[in-house]
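Below is one structure, written out as structure tokens; comments come after it.
Residue numbers (my numbering), protein chains in the order written: chain A, 107 to 382; chain B, 4 to 253.
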């Protein structure tokens with residue numbers, strides 16, 4: 107079942123509607139989540155101690171700016187799926203002790219840009235993303251995390267796959283301001299190019315002005331892992347099956363922690379991978 | 004079951020296997036020992052069909068068929084299992100899902116119906132007991148975050164699931180502590196029947212305390228230079244390979 111069927115089944119209009127809340131779904135685990143389909147420029151504001159869970163689906167080719175404001179001690183979980191070919195810009199502004207878990211899947215011919223400002227002590231941000239580009243698509247993802255305050259944590263993991271003649275690009279930046287001591291920041295970009303005509307460029311960068319920090323970044327662009335394919339074939343899977351499984355697993359990894367919703371997203375990704 | 008005649012194999016220009024003759028019958032356990040770099044792992048890889056190695060001469064017959072003409076997956080489906088020295092991690096693919104696909108591929112090859120979800124779960128529960136595999140591991144990605152011991156147990160668990168005619172275990176004992184070694188080796192012994200066969204590749208005699216071989220072969224410089232019964236392994240443990248290698252040079 108695709109993501110749109112999944113949310114439509116729960117009575118949410120998949121063409122979009124009017125904010126603030128276009129609809130709501132209940133996940134298999136019992137948790138409730140707001141759903142935004144095709145939002146225009148919007149703000150998502152969380153007061154102190156507030157918790158909010160959001161599924162955002164972009165189906166059109168619009169330019170959209172989304173602002174997420176997290177007051178002290180608030181918790182925000184966002185799952186974003188970009189199916190269209192627009193420009194989606196997200197700004198996350200976090201105060202002290204707030205927590206944000208953001209998962210984003212880019213399947214359309216889109217540009218997605220994320221800026222995270224950690225403005226209060228002990229704020230934490232986790233961003234997990236995957237982009238899958240096929241045909242002649244050009245996808246770009248930018249992630250900038252600004253550590254403006256001390257004792258904050260950020261962890262970004264972005265995985266990219268390009269097949270056909272597609273081009274993918276990841277631009278990462280972790281900025282640590284002078285006062286942001288004891289920052290703990292990680293940024294990882296992992297990519298697979300399928301075939302000779304697909305390309306992915308990745309640029310993770312660090313800019314650090316504090317002296318007591320723990321920062322790491324890493325980036326790889328590779329082909330399929332021959333050892334893993336050999337391993338799977340030795341257990342009886344065909345070469346084509348083993349390759350498919352590896353590619354599928356590579357991005358499925360991003361959504362596995364999301365439970366039943368993750369399964370739905372994984373199906374969505376598999377469908378796109380089959381077209382590569 | 005397996006007949007290897009004058010097998011030569013190279014990687015690039017370098018010849019590693021220089022004429023191996025070897026025969027395995029159902030019900031037998033063979034141990035292959037030998038110093039580092041003698042070609043033990045290459046032999047296992049060539050049997051499995053790893054295309055890093057080129058077979059330049061000789062023949063291998065498995066279950067009455069020409070093994071060297073078969074794809075890696077068809078060898079596996081015919082009942083050849085390789086326990087990897089370094090099991091590979093596959094992120095995002097759960098162990099249970101992987102095994103379900105592997106078991107059903109092999110069933111399809113034999114013209115059998117795929118297992119239902121219930122049958123598969125029962126099989127998995129039963130077989131994970133063979134090596135005391137923590138059932139939580141089957142819901143995790145293949146080998147990802149597994150300890151060294153868990154990875155090796157997981158190899159034998161897969162062997163139990165797939166029930167191969169011939170298992171080639173490439174240094175399954177390396178990197179195991181004493182308890183894990185006992186569990187892994189006892190697991191292999193439990194899986195042994197008069198219909199199947201096992202080739203154990205090892206450096207150490209200690210594994211053979213549990214898996215008692217019918218034959219012990221010494222591979223050196225790409226050839227089997229000496230074969231004996233299980234007492235050979237004890238002698239090698241005590242005296243090393245030098246006496247054999249010197250004898251071979253003369």
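The beta carbon of each residue, even a glycine, is placed where N, CA and C say it ideally should be.
Ordered along the chain, which non-local residues of its own chain (more than five positions away) have a Cβ less than 6 Å from that of residue i?
i: residue 61 of chain B; result: 8, 9, 10, 11
i: residue 186 of chain A; result: 162, 210
i: residue 65 of chain A; result: It is not possible to answer for residue 65 of chain A, since the shown part of chain A is limited to 107 through 382.
i: residue 135 of chain B; result: 186
i: residue 235 of chain B; result: 219
i: residue 13 of chain B; result: 57, 59
i: residue 244 of chain B; result: 38
i: residue 268 of chain A; result: 239, 274, 299, 304, 306
Below 9 Å on C-beta distance, what does residue i contact in chain A?
i: residue 80 of chain B; result: 342
i: residue 108 of chain B; result: 341, 342, 343, 344, 347
i: residue 76 of chain B; result: 338, 339, 340, 341, 342, 343, 344, 345, 347, 348
Indicate the three-state DSSP secondary structure (helix, strand or coil) for residue i in the structure shown.
i: residue 294 of chain A; result: strand
i: residue 93 of chain B; result: strand
i: residue 156 of chain B; result: helix
i: residue 245 of chain B; result: helix
i: residue 206 of chain B; result: coil
i: residue 149 of chain A; result: strand
i: residue 229 of chain A; result: coil
i: residue 86 of chain B; result: strand
i: residue 51 of chain B; result: helix
i: residue 237 of chain A; result: strand
i: residue 208 of chain A; result: strand
i: residue 176 of chain B; result: coil
i: residue 185 of chain B; result: helix
i: residue 36 of chain B; result: strand
i: residue 267 of chain A; result: strand
i: residue 340 of chain A; result: helix
i: residue 327 of chain A; result: strand
i: residue 289 of chain A; result: coil
i: residue 76 of chain B; result: helix
i: residue 284 of chain A; result: coil
Could one say the Cβ of residue i lies closer than 8 Å to chain B's Cβ atoms, at least one of them?
i: residue 382 of chain A; result: no
i: residue 281 of chain A; result: no
i: residue 413 of chain A; result: It is not possible to answer for residue 413 of chain A, since the shown part of chain A is limited to 107 through 382.
i: residue 220 of chain A; result: no
i: residue 157 of chain A; result: no
i: residue 337 of chain A; result: yes
i: residue 213 of chain A; result: no
i: residue 367 of chain A; result: no
i: residue 362 of chain A; result: yes
Can you name the residues of chain B whose CB is closer than 7 Å to the CB of residue i?
i: residue 356 of chain A; result: 94, 95
i: residue 435 of chain A; result: Residue 435 of chain A lies beyond the residue range present for chain A, which begins at 107 and ends at 382; the question has no answer from this structure.
i: residue 351 of chain A; result: 96
Hey, does residue i have any beta-carbon neighbour from chain A nearer than 8 Å?
i: residue 87 of chain B; result: yes
i: residue 2 of chain B; result: A question about residue 2 of chain B goes unanswered here, because the residues of chain B that appear run from 4 up to 253.
i: residue 3 of chain B; result: Past the edges of chain B, shown from 4 to 253, lies residue 3 of chain B, and the structure says nothing about it.
i: residue 127 of chain B; result: no
i: residue 174 of chain B; result: no
i: residue 116 of chain B; result: no
Can you pull the chain A residues whose beta carbon is under 7 Å from the beta carbon of residue i, in chain order?
i: residue 166 of chain B; result: Result: empty, since nearest Cβ-Cβ is about 12 Å, beyond 7 Å.
i: residue 51 of chain B; result: 340
i: residue 105 of chain B; result: 341, 342, 343
i: residue 208 of chain B; result: None at all; the shortest Cβ gap to chain A is about 27 Å.
Could you list which residues in chain B have their beta carbon closer than 8 Å to that of residue i, in chain order?
i: residue 359 of chain A; result: 94, 95, 144
Return the chain-ordered list of same chain residues with a C-beta closer than 7 Å to the C-beta of residue i, the five sequence neighbours on each side being excluded.
i: residue 158 of chain B; result: 86, 87, 90, 175
i: residue 368 of chain A; result: 361, 362
Between residue i and the rest of its own chain, which residues show a CB-CB distance below 8 Å, the 5 nearest in sequence each way excluded?
i: residue 242 of chain A; result: 270, 271, 272
i: residue 156 of chain A; result: 177, 180, 181
i: residue 22 of chain B; result: 9, 10, 11, 60, 61, 225, 226
- If contact means a Cβ-Cβ distance below 7 Å, which residues of the region 137-153 of chain A contact chain C? In the displayed structure, chain C is absent; the protein chains listed are A and B.
Inset, instruction - Tell me, please, whether the region 336-345 of chain A touches the region 85-93 of chain B by the rule of three or more beta-carbon pairs shorter than 8 Å. - result: yes
ask   = At a cut of 8 Å, does the region 20-31 of chain B reach the region 236-254 of chain A through at least three beta carbon pairs?
value = no
Does the contact criterion of 3 or more C-beta pairs under 8 Å hold for the region 200-215 of chain A versus the region 231-241 of chain A? yes
Exercise. If you pair each beta-carbon of the region 347-360 of chain A with each one of the region 163-179 of chain A, do three or more pairs fall below 8 Å?
Worked result: Contact fails between the region 347-360 of chain A and the region 163-179 of chain A, because fewer than three Cβ pairs, one in each stretch, are under 8 Å apart.
- Message: Check whether the region 122-133 of chain B and the region 75-85 of chain B are in contact - that is, three or more C-beta pairs closer than 8 Å.
- Response: no
Three or more C-beta pairs under 8 Å: does that hold for the region 99-109 of chain B against the region 183-197 of chain B?
no
At a cut of 8 Å, does the region 47-61 of chain B reach the region 216-233 of chain B through at least three beta carbon pairs? no
> Looking at C-beta atoms only, is the number of pairs between the region 250-260 of chain A and the region 214-233 of chain A that lie closer than 8 Å three or more?
Replying inline: Using a C-beta cut-off of 8 Å, the region 250-260 of chain A makes contact with the region 214-233 of chain A, since at least three inter-stretch Cβ pairs fall below that distance.
Cβ pair count under 8 Å reaching 3, the region 101-117 of chain B against the region 155-169 of chain B: They touch, by the three-pair rule.
Report yes or no: do three or more beta-carbon pairs, one from the region 63-73 of chain B and one from the region 321-334 of chain A, lie closer than 8 Å? no
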